[in-house]
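**Q**
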Amino acid sequence: MSDSRSDAIIQIQGVTKRFGEVTAVERVDLDIRAGEFFALLGPSGCGKTTLLRMLAGFEQPSDGRILIGGQDMTGVQPNHRPVNMVFQSYAVFPHMTVFDNVAYGLKVVGTARGEIRPRVEEALAMVQLEDYGSRKPDQLSGGQRQRVALARALVKRPKVLLLDEPLSALDAKLREAMQLELVRLQHSVGITFVIVTHDQDEALSMADRIAVMQDGHVRQVADPQTLYEYPSGRFVADFIGKMNLFEGRVAASDATALAVEVEGLGRIELPPDGQAPGAGQPVGIAVRPEKVELFRKAPPEGSVARRGTVAQVAYYGDVSYVFLDLEDGPSLNATVQNADRAAEPYFTKGETLWAAWNPNDFLVLGE
Amino acid sequence: MENWRKHPLVFWAFSLPPSFWLIVFFFVPLTLVWGLSFSEKRGIIETELTFTLDNYLRGLEPIYLEILWKSILLAGGATLICLVVGYPVAFAIAFASERWKPWLLLLVILPFWINILIRTYALIAVFRSRGYVNFAYEDLWTAANWLVGLVGLSLGERFVPLSLLYNNVAVVAGIVYAFFPFMVLPLYANIEKLDRSFMEASLDLGAGHWRTFFSVVFPLTWQGALSGIVIVFIPALGAFFIPDLLGGTDSQMIGNVIERQFKSANDWPFGAALSFLLMYATFFALALRALVAGRRGAGALDA
């Protein structure tokens, strides 16, 4: 969180929000850079929506302050903030046509009549709804209604566009298409997007940077790859993607080597890690399923290898999840790419295999 | 479950009691009065069905049309006041915390627990020259008079009470007081189910609170307002004891005229004709409402 202050369009400084006894957001510091696609990611109840609503001005922080474009937003009403929001329910006004919905935000601030029509048409073209201006919202599909909500917010040319779970109401295929669409749109308009989502795929695939939240705290802020490959802690490691987690104890830790004694796996030698706890301390080590390779013959030297029996195979077409019961107890999940159509035979239940992975792919997670 | 249609016994068991009720206590009396409106008086209590239209023609004489028009104005004014005051009240209840909501609703409904006649008499005690409003006013007047007396001025020889009773204003106040809950409840029901994000979206797009109310909240809760208007206006139009108790000589409503035909004037056929004229006017208003609601409903709200 030591980003340079100059290019931050949103600065969240020590913001806390309490609802009675409940603390929804606690001492959050966050800078969002101008022009980036930023995601607030976390399970429900983690405070991400409350944080977004504080940016929009629907909630006031109990403590701390929010700056947008360098200006303190404390006490500034939603209708005077340089941000616009796409609501989870879209909130497209049912009694107005698509055109009137998009024009509403311009009319209420007294935009010149001659300017309204071209700007509304431009915004509708941006979301590919040029021919839908005279329709009423109940004549539109969910995806189209969402585009209206987008156009309605973008026509205001906000400094920041806030999106509250914008894709949650769409079916899977449409959701994927809209993900790409939103990224394309964000690139073409160059406006900062802040999206709230509980869907990690959505956040990983769309955002430039992601803040992972839990219990009102920001646990990690990073680009998607860093978040996935170098999660800062157990929560992030577990929340983002799939993970094989083993509990153990540090056997040796110094500048040259790190060894962890894991129940069922034995002693595992890892590259030295300055952050790792001292000898005798409990520690978790984790490896992503796609980093685990399966072999019918003995695996190559230098990898961590264990024998196990296939307990279950979940076939997804492009990939299969293979669940192994390792010989000494723990179970292990490996993702196998079904890259070769002719590869015969596929792994089957009951088969005994070698599971192997590179010790560098281990994540060391403290308490 | 469409099965009940297949069991005639169940069907009859469910539909007979309400049908019986409707026929015996609604259609039969209504038909009798309808017949009466085409009858002529033959004696003190005897009437004869002669299919005459004289009663209706008499009801359309300027003097009665004028009273009907006046009734519409008084009832309409009262309805408008109920609407203007009812919106903020309904809003306040809908936005109150879950803990307060039932209590606030109870406060709105509470007056129903007392007979309307008693409540109207109570209004007399509030409004008359030796009533509570005037007591408070007198205290204020006396204090103000004493104050200006300090600088050698006077507000007048003595206190003159406000005449709050026995005029049109008192009638309107009485109607508003009696029917106010009928306006608040449908409004509350509509505002309560209105998605809050519509209001937030409007604010977010730069509209102020007034603009949000007139451009978003009102059009989306108009159905509730319409229901409120109908169920306040119709009984208000037929009110008779409120103008009787609170009104003066010039604040008679059509209800008073009808009541008089059945009682002191003892002209039931004419009273029946007037009743039906009032009912036709009401039907006309209802048809208008259905028309407006139908047009707005088409394409306004999706489920």
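Here the protein sequences come in this chain order: A and B.
So for the first sequence, my numbering puts the first residue at 4; every next one is plus one.
So for the second sequence, my numbering puts the first residue at 0; every next one is plus one.
Where is the CB? At the ideal position from N, CA and C, for every residue including glycine.
A quick note: this is a predicted structure, and the numbers were derived from the prediction, not measured.
What are the partner residues of Gly-311(A), as DSSP defines its beta bridges?
**A** Here residue 311(A) refers to the residue found at position 308 of the first sequence. According to DSSP, which records beta bridges pairwise, Gly-311(A) is partnered with Leu-329(A), Leu-356(A).
**Q** Ignoring anything shorter than 4 residues or poking outside the stretch 245 to 272 of chain B, list the alpha helix (DSSP H) runs there in chain order.
**A** 253 to 261
**Q** If Leu-31(B) sits next to Thr-46(B), beta carbons under 8 Å apart, how far is it from one beta carbon to the other, in whole angstroms?
**A** The residue you call residue 31(B) lines up with position 32 of the second sequence. The residue you call residue 46(B) lines up with position 47 of the second sequence. Not really, about 11 Å apart at Cβ, beyond 8 Å.
**Q** In this structure, how does DSSP classify Tyr-136(B) when only helix, strand and coil are distinguished?
**A** One-based indexing of the second sequence puts residue 136(B) at position 137. Tyr-136(B): helix per DSSP, three-state reduction.
**Q** Quick one: complete alpha helix (DSSP H) runs, 4+ long, within the stretch 149 to 179 of chain A?
**A** none
**Q** Within its chain, find whatever has a CB closer than 7 Å to the CB of Met-182(B); leave out the 5 residues flanking it on each side and keep chain order.
**A** Along the second sequence, one-based indexing puts residue 182(B) at 183. Cys-81, Leu-82, Gly-85, Gly-227, Val-231, listed in sequence order.
**Q** If the cut is a Cβ gap below 8 Å, which residues of chain A does Phe-197(B) touch?
**A** Taking the second sequence and counting its residues from 1, one reaches residue 197(B) at position 198. Neighbours of Phe-197(B) on chain A, chain order: Ala-94, Phe-96.
**Q** List, in chain order, every chain A residue whose beta-carbon is nearer than 7 Å to that of Ala-206(B).
**A** What you label residue 206(B) is simply residue 207 of the second sequence in a count that begins at 1. Near Ala-206(B) (Cβ distances below 7 Å), the residues of chain A are Asn-82, Val-111.
**Q** What are the uninterrupted segments assigned as beta strand (DSSP E) that are 3 or more residues long and contained completely in the stretch 273 to 313 of chain A, given in chain order?
**A** 285 to 290, 296 to 298
**Q** Verify the CB distance criterion: does Phe-365(A) have a CB-CB separation below 8 Å to chain B?
**A** Position 362 of the first sequence, counting from 1, holds the residue named residue 365(A). No, Phe-365(A) does not count as interfacial toward chain B.
**Q** In three-state DSSP terms, what is His-190(A)?
**A** The residue you call residue 190(A) lines up with position 187 of the first sequence. In the structure shown, His-190(A) sits in a helix (DSSP, three-state: H, G or I).
**Q** Please list, in chain order, the chain A residues whose beta carbon lies closer than 7 Å to that of Ile-224(B).
**A** Residue numbering aside, residue 224(B) sits at position 225 when the second sequence is read from its first letter. First, the amino acid is wrong: residue 224(B) is Ala here, not Ile. Going along chain A, no residue has its Cβ under 7 Å from Ala-224(B), so there is no contact; the nearest lies around 14 Å.
**Q** Within 10 angstroms of the Cβ of Glu-330(A), are there 16 or more other Cβ atoms? Answer buried if so, exposed if not.
**A** Locating residue 330(A) in the first sequence gives position 327, counting from the first residue. By the neighbour-count criterion, in which a residue is buried when 16 or more other Cβ atoms sit within 10 angstroms of its Cβ, Glu-330(A) is exposed.
**Q** Counting along the chain, where does the beta strand (DSSP E) carrying Val-159(B) start and finish?
**A** On the second sequence, position 160 is the one that residue 159(B) refers to. First-last for Val-159(B): undefined, no H or E at that position.
**Q** Figure out for me which residue from Arg-30(A), Phe-41(A), Ala-279(A), Leu-170(A) has the closest Cα to the Cα of Gln-189(A).
**A** If you number the first sequence from 1, residue 189(A) lands on position 186. Cα-wise, what sits closest to Gln-189(A) is Phe-41(A).
**Q** Look at the alpha carbon of Leu-186(B) and the alpha carbon of Phe-179(B), and state the distance between them as a whole number of angstroms.
**A** On the second sequence, position 187 is the one that residue 186(B) refers to. On the second sequence, position 180 is the one that residue 179(B) refers to. Computed Cα separation, rounded: 11 Å.
**Q** My parser needs the alpha helix (DSSP H) runs of 4 or more residues fully inside the stretch 99 to 135 of chain A; what are they?
**A** 101 to 110, 116 to 129
**Q** Is Ala-260(A) helix, strand or coil when you go by DSSP?
**A** Position 257 of the first sequence, counting from 1, holds the residue named residue 260(A). Three-state DSSP puts Ala-260(A) in coil, outside helix and strand.
**Q** Comparing alpha-carbon positions, which option in Ile-213(A), Gly-305(A), Ser-323(A), Gly-332(A) lies nearest Trp-360(A)?
**A** As a first step, residue 360(A) is located in the first sequence; it is residue number 357 there, counting from the start. When only C-alpha atoms are compared, the closest one is Gly-305(A).
**Q** Going along the stretch 81 to 98 of chain B in order, which residues come within less than 9 Å of chain C, judged by CB to CB distance?
**A** Absent here is chain C; the protein component of the structure consists of chains A and B.
**Q** CB Pro-64(A) to CB Thr-19(A), shorter than 8 Å?
**A** Walking along the first sequence from the start, residue 64(A) turns up at place 61. Walking along the first sequence from the start, residue 19(A) turns up at place 16. Contact flag set, yes.
**Q** Which of the three DSSP states, helix, strand or coil, is assigned to Lys-245(A)?
**A** Along the first sequence, read from residue 1 onward, the residue named residue 245(A) stands at position 242. The answer is coil: DSSP assigns Lys-245(A) none of H, G, I, E or B.
**Q** Can you find the residues in the same chain that come closer than 7 Å, C-beta to C-beta, to Ala-279(A), ignoring five residues on each side of it along the sequence?
**A** Numbered from its first residue, the first sequence carries residue 279(A) at position 276. Contacts found: Val-253, Ser-256, Leu-261, Val-286, Val-367.
**Q** Closest to Ala-284(B) by CA distance: which of Ile-71(B), Phe-50(B), Pro-218(B), Ala-121(B) is it?
**A** As a first step, residue 284(B) must be located in the second sequence, where it is residue number 285. Checking every option, the nearest Cα to that of Ala-284(B) belongs to Ile-71(B).
**Q** Taking 8 Å as the CB-CB limit, is Ala-200(B) close to chain A?
**A** Residue 200(B) sits at position 201 when you count from the first residue of the second sequence. Yes, Ala-200(B) lies at the interface with chain A (some Cβ there is under 8 Å from its Cβ).
**Q** Under the assumption that Phe-90(A) contacts Ala-200(B) (Cβ atoms under 8 Å), give the Cβ distance between them as a whole number of angstroms.
**A** Mapped onto the first sequence, residue 90(A) falls at position 87. Mapped onto the second sequence, residue 200(B) falls at position 201. Indeed, because the Cβ distance is near 6 Å, the residues count as touching under 8 Å.
**Q** Report, in whole angstroms, the separation of the C-beta atoms of Val-295(A) and Ala-358(A), which I expect to be a contact under 8 Å.
**A** For the purposes of this step, residue 295(A) is taken as residue 292 along the first sequence, with counting starting at 1. For the purposes of this step, residue 358(A) is taken as residue 355 along the first sequence, with counting starting at 1. In this structure Val-295(A) touches Ala-358(A) by the C-beta definition: roughly 5 Å separates them, less than 8 Å.
**Q** Strictly by DSSP, which residues pair up with Glu-39(B)?
**A** Here residue 39(B) is taken as the residue at index 40 of the second sequence, counted from 1. Note: Glu-39(B) sits in a beta bridge opposite Glu-47(B).
**Q** So, at 8 Å on beta carbons, what are the nonlocal neighbours of Gln-16(A) in its own chain, with the 5 sequence-adjacent residues on each side left out?
**A** Sequence index remark: in the first sequence, residue 16(A) carries index 13 (1-based). Excluding residues within five positions, the ones whose Cβ falls inside 8 Å are Asp-32, Gly-67, Arg-68, Ile-69, Leu-70.
**Q** For Gly-267(A), which of Pro-275(A), Phe-249(A), Asp-276(A), Arg-150(A) has the nearest alpha-carbon?
**A** Locating residue 267(A) in the first sequence gives position 264, where the first residue counts as 1. Ranking Pro-275(A), Phe-249(A), Asp-276(A), Arg-150(A) by Cα distance to Gly-267(A) puts Phe-249(A) first.
**Q** Does the CB of Tyr-135(A) have a neighbour CB from chain B at under 8 Å?
**A** As a first step, residue 135(A) must be located in the first sequence, where it is residue number 132. For Tyr-135(A), the answer is no, since every Cβ of chain B falls outside 8 Å of its Cβ.
**Q** Among Phe-26(B), Ala-206(B), Ala-289(B), Gly-237(B), which residue has its Cα nearest to the Cα of Tyr-107(A)?
**A** Position 104 of the first sequence, counting from 1, holds the residue named residue 107(A). Considering only alpha carbons, the answer is Ala-206(B).
**Q** Are Val-197(A) and Leu-297(A) closer than 8 Å when you measure CB to CB?
**A** Position 194 of the first sequence holds residue 197(A). Position 294 of the first sequence holds residue 297(A). Not in contact: Val-197(A) and Leu-297(A) (Cβ atoms no closer than 8 Å).
**Q** Taking Gln-16(A) as part of the beta strand (DSSP E), name the residues at either end of that continuous run.
**A** For this step, residue 16(A) is matched to residue 13 along the first sequence. Its beta strand (DSSP E) spans residues 11 to 22.
**Q** Does the distance from the CB of Ala-126(A) to the CB of Ala-154(A) come in under 8 Å?
**A** Here residue 126(A) is taken as the residue at index 123 of the first sequence, counted from 1. Here residue 154(A) is taken as the residue at index 151 of the first sequence, counted from 1. Yes, these two residues count as a Cβ contact at 8 Å.
**Q** Indicate whether at least one CB of chain A lies closer than 8 Å to the CB of Val-216(B).
**A** Here residue 216(B) corresponds to residue number 217 of the second sequence, with the count starting at 1. Not closer than 8 Å to any Cβ of chain A, the Cβ of Val-216(B) fails to qualify, so no.
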